[in-house]
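These protein sequences, in sequence, are chains U and V.
Following numbering that gives the first Met the number 0, the numbering of the first sequence begins with 0 at its first residue and continues without gaps.
Following numbering that gives the first Met the number 0, the numbering of the second sequence begins with 0 at its first residue and continues without gaps.
Glycine residues also receive a C-beta, built at the ideal position from the N, C-alpha and C atoms.
Just so it is clear, the structure is predicted and the values come from calculations on it, not from any experiment.
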Amino acid sequence: MKRKLTIKNLTCIACPMGCDLEVTYTPEKIIEVKGNTCKRGITYAETEIFHPERVVTTTVRVKGARIEFVPVKTEKTIPKKLTHSVIKHASGVTLKAPVKVGDIVIKNILNSGVNLIVTRNLVCVNQKSKKRKRKKSS
Amino acid sequence: MVGSKIVKSVDALVIGAGPAGLAAALALKNSGIKNILVVERESAPGGILMQCIHNGFGLHRFKEELTGPEYAERYIDSARKEDIIPLTNTAAIDIIDNGKTKTVVLLSEEIGLASIKTKVVILAMGCRERNRGNIAIPGSRPAGVITAGLAQKMTNLHGLLPGKKIVILGSGDIGLIMARRLTWEGSKVKAVVEVQPHPGGLNRNIVQCLNDFNIPLYLSHTITNITGDKRIRKVHIAPIDTHFDPKKTGNFTLSCDCLLLSVGLIPENELSLKAGVTLDPITRGAVVGADLMTNVPGIFSCGNVLQVHDLVDFVSEEAEYCGKAAAAYIKGTCKKGAQIPVKAGNLVRYVLPSKVRRGAEALISLRSMGPSKNVSIIIKTDTEVLYKAIHKKIFPSIMLRIPIKQIPAGAKHVEVFFEAEEK
Ligand SMILES: Cc1cc2nc3c(=O)[nH]c(=O)nc-3n(C[C@H](O)[C@H](O)[C@H](O)COP(=O)(O)OP(=O)(O)OC[C@H]3O[C@@H](n4cnc5c(N)ncnc54)[C@H](O)[C@@H]3O)c2cc1C
Ligand code: SF4
Numbered sequence: 000m001k002r003k004l005t006i007k008n009l010t011c012i013a014c015p016m017g018c019d020l021e022v023t024y025t026p027e028k029i030i031e032v033k034g035n036t037c038k039r040g041i042t043y044a045e046t047e048i049f050h051p052e053r054v055v056t057t058t059v060r061v062k063g064a065r066i067e068f069v070p071v072k073t074e075k076t077i078p079k080k081l082t083h084s085v086i087k088h089a090s091g092v093t094l095k096a097p098v099k100v101g102d103i104v105i106k107n108i109l110n111s112g113v114n115l116i117v118t119r120n121l122v123c124v125n126q127k128s129k130k131r132k133r134k135k136s137s
Numbered sequence: 000m001v002g003s004k005i006v007k008s009v010d011a012l013v014i015g016a017g018p019a020g021l022a023a024a025l026a027l028k029n030s031g032i033k034n035i036l037v038v039e040r041e042s043a044p045g046g047i048l049m050q051c052i053h054n055g056f057g058l059h060r061f062k063e064e065l066t067g068p069e070y071a072e073r074y075i076d077s078a079r080k081e082d083i084i085p086l087t088n089t090a091a092i093d094i095i096d097n098g099k100t101k102t103v104v105l106l107s108e109e110i111g112l113a114s115i116k117t118k119v120v121i122l123a124m125g126c127r128e129r130n131r132g133n134i135a136i137p138g139s140r141p142a143g144v145i146t147a148g149l150a151q152k153m154t155n156l157h158g159l160l161p162g163k164k165i166v167i168l169g170s171g172d173i174g175l176i177m178a179r180r181l182t183w184e185g186s187k188v189k190a191v192v193e194v195q196p197h198p199g200g201l202n203r204n205i206v207q208c209l210n211d212f213n214i215p216l217y218l219s220h221t222i223t224n225i226t227g228d229k230r231i232r233k234v235h236i237a238p239i240d241t242h243f244d245p246k247k248t249g250n251f252t253l254s255c256d257c258l259l260l261s262v263g264l265i266p267e268n269e270l271s272l273k274a275g276v277t278l279d280p281i282t283r284g285a286v287v288g289a290d291l292m293t294n295v296p297g298i299f300s301c302g303n304v305l306q307v308h309d310l311v312d313f314v315s316e317e318a319e320y321c322g323k324a325a326a327a328y329i330k331g332t333c334k335k336g337a338q339i340p341v342k343a344g345n346l347v348r349y350v351l352p353s354k355v356r357r358g359a360e361a362l363i364s365l366r367s368m369g370p371s372k373n374v375s376i377i378i379k380t381d382t383e384v385l386y387k388a389i390h391k392k393i394f395p396s397i398m399l400r401i402p403i404k405q406i407p408a409g410a411k412h413v414e415v416f417f418e419a420e421e422k
């Protein structure tokens, strides 16, 4: 039996170079990748063809900080089709300051095996303004 | 910040606590300069990165892909460890050149108006976005026409959506990133319209921000009119001819309640001009020599205020170089060797710095005029080739940075140019 070969042109998004890839593959596996500058281009082609993944970044509410929203991301790439649900899920969360980079917002989000984590440090404003008041009165 | 006594004089004053200002301050400190003041007009350090919540930062520096805030936090942390705490809510409003020293006038929430004497000023004010005034779109002036960066700030820092039905003019990276961000937040991004025949932003952003969501990109198109009374209701779009004039055929309209402008960034140099710094008409940043020092001795420039960068990693690298050079200037240990001019040749839009030093290393940044394929980039002096490399593709949206080990002692000038390669 002859295997069916498909050729597809992709742009690698693994780094800002954005190499144009020409990927030859069967329904089961990648046969050849052309145009990549480094090895990551091959890994990218493989995932992009068979199970595309993305890192998702969004914000969640935070109480008690100087601003009302704190940025978050999925710690690793997650299946592209989960993107929308992740964002929806995150929009229901409210954190309490202080928060710091790496804090887990949602563990194993949507059973993806990946955590949603905080990407910015925010201190508690109340503490700070108390300190400031104390200084002023002294 | 809070409680820190404001000093009357410092060795180095850094204006702006974005990635450039922070990296420059760290380099000064690591080069033995202790008396440093970093001022920042916003309420927190980090610069524009704090609103760039997407990932894609730090691949060169940290070998991992970070979000903007994560990248900034690393520098804020390192700075804090070195006792560099930026004075926030403080804007530099004037720089006076007194020869050997400079006076920087600060306006701050906490300390009011203050004048600080310093040996060195590092300009690290970043850039701002071009707006409607800079590009002249005809039509009424309704609400709902804002820059992509402002939309980014609203959405990411304050949780406010700029609109439900969105059209984006310009395919710069910020616009592309916002197309994805707003789609994720539930808005409908109807189109991205670009006058050039090629996208302004990186290819990866075309793929992951537009193609992923089937958002159409109209290249060689422009917006010919905006309609709406109080709020924008419609934009008129037309293809353009080779003279960039709208064609009579192929016009269409899109209804929308928000138009985002992503039409480029301009270094924020009003303050530099006050100090007598000469600007380059192409980069709109300062003209700098081998040490990234401007024409005013003691005033240095780095980051987006010097040239608009696409990668923050390069901003950090440039700022570090600048901080080291500024430290040498303060200590009187500047490298010796005459400075010779660097010229932009064939297909090169600009090169930076404008001068390099004989006998010393150099790091040359450049951008091409337009996209091309199979070209060599060549750096040569009047007598010898210092660098040559073949590039399969070059884009004006990608800045090239080329290190040269040593500029020959006898060189009279250096020229940077592209040359077509036989395929
Ligand atoms: C929307 C957007 C998306 C980007 N995406 C990417 C990406 O995906 N990957 C990547 O690597 N790079 C990206 N970049 C580029 C990168 O973020 C910038 O190159 C970098 O942040 C520039 O650093 P900077 O310190 O020069 O300027 P900025 O970060 O702008 O910092 C300048 C600081 O100076 C302060 N300031 C200005 N004037 C004064 C004054 N008079 N007194 C006191 N303070 C002042 C400002 O408040 C600001 O905090 C992006 C940039 C933007 C704008
Ligand atoms: S192939 Fe390598 S160099 Fe090219 S875009 Fe992908 S990661 Fe970057």
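Name, in chain order, the residues that DSSP records as bridge partners for residue i.
| i | result |
| --- | --- |
| G111(V) | S107(V) |
| M153(V) | According to DSSP, M153(V) bridges with nothing at all. |
| R431(V) | Residue 431(V) cannot be examined here, being either before or after the span of chain V that is shown, 0 to 422. |
| L258(V) | V144(V), V166(V) |
| M292(V) | F299(V) |
| A419(V) | V374(V) |
| E21(U) | N8(U), K33(U) |
| V113(U) | Partner(s): none; V113(U) has no beta bridge. |
| P402(V) | L362(V) |
Could you check which residue in the options has the C-alpha nearest to that of residue i?
| i | options | result |
| --- | --- | --- |
| A419(V) | P370(V), G409(V), D381(V) | P370(V) |
| N29(V) | E64(V), K80(V), S114(V), Q50(V) | K80(V) |
| A71(V) | S396(V), D312(V), A410(V), P352(V) | D312(V) |
| K152(V) | F49(U), K62(U), I66(U) | I66(U) |
| L156(V) | V104(U), C123(U), P70(U) | P70(U) |
| H242(V) | T221(V), L259(V), R232(V) | T221(V) |
| I29(U) | D19(U), L81(U), T42(U) | T42(U) |
| I389(V) | T382(V), L399(V), E383(V) | L399(V) |
| T332(V) | E383(V), D93(V), S364(V), D290(V) | D290(V) |
| L81(U) | T23(U), V55(U), L121(U) | V55(U) |
| S84(U) | V98(U), T57(U), I6(U) | T57(U) |
| T117(V) | I339(V), K99(V), P238(V) | K99(V) |
| G148(V) | A78(V), R127(V), K163(V) | R127(V) |
| G336(V) | K342(V), R366(V), K411(V), T89(V) | K411(V) |
| V425(V) | I339(V), G358(V), T146(V), S77(V) | Nothing can be reported for residue 425(V), as the shown portion of chain V is limited to 0 through 422. |
| D102(U) | K79(U), L121(U), E45(U) | L121(U) |
Excluding five sequence neighbours on each side, which residues of the same chain lie with their C-beta closer than 7 Å to the C-beta of residue i?
| i | result |
| --- | --- |
| D96(V) | A274, G275, V295 |
| R232(V) | T226, S254 |
| K3(U) | T25, P26 |
| K132(U) | Only weak support exists for where K132(U) lies, its pLDDT of 47 falling under 50; the value from the coordinates is given anyway. Around K132(U): no qualifying Cβ. |
| L362(V) | Y320, R400, P402 |
Inspect the beta-carbon positions of residue i and residue j and report whether they are closer than 8 Å.
| i | j | result |
| --- | --- | --- |
| V234(V) | V166(V) | yes |
| I32(V) | A324(V) | no |
| R283(V) | N303(V) | no |
| V307(V) | P266(V) | yes |
| G200(V) | D240(V) | no |
| L305(V) | V287(V) | yes |
| R356(V) | K334(V) | yes |
| V119(V) | L112(V) | no |
| L260(V) | N373(V) | no |
| E39(V) | L106(V) | no |
| I176(V) | H53(V) | yes |
| L218(V) | A178(V) | no |
Near residue i, which residues of its chain fall below 8 Å by C-beta distance, leaving aside the five closest residues on each side in sequence?
| i | result |
| --- | --- |
| I35(V) | V9, D10, A11, L12, V13, A24, L27, K28, I83 |
| E360(V) | P402, I403, K404, Q405, I406 |
| N424(V) | This structure does not reach residue 424(V), given that chain V is present from 0 up to 422, and the question cannot be answered. |
| K229(V) | P141, A142 |
| L160(V) | M153, T154, L181, E184, G185, S186 |
| F61(V) | Y70, R73 |
| T10(U) | G17, C18, D19, L20 |
| L270(V) | I14, A91, I92, D93, I94, L122, M124 |
Which residues in the same chain as residue i place their Cβ atom closer than 6 Å to its Cβ, once the five residues preceding and following it in sequence are excluded?
| i | result |
| --- | --- |
| R39(U) | A13 |
| R119(U) | V69, P70 |
| G45(V) | A71 |
| F394(V) | P370 |
| A22(V) | S315, A318, E319 |
Does the pairing of the segment 70 to 77 of chain U with the segment 109 to 121 of chain U give three or more beta-carbon distances under 8 Å? The answer is yes - the segment 109 to 121 of chain U touches the segment 70 to 77 of chain U, with three or more Cβ pairs under 8 Å.
How do the segment 44 to 51 of chain V and the segment 137 to 153 of chain V stand: do at least 3 beta-carbon pairs fall below 8 Å, yes or no? yes
Would you check if there are 3 or more beta carbon pairs closer than 8 Å linking the segment 25 to 44 of chain U to the segment 89 to 99 of chain U? no
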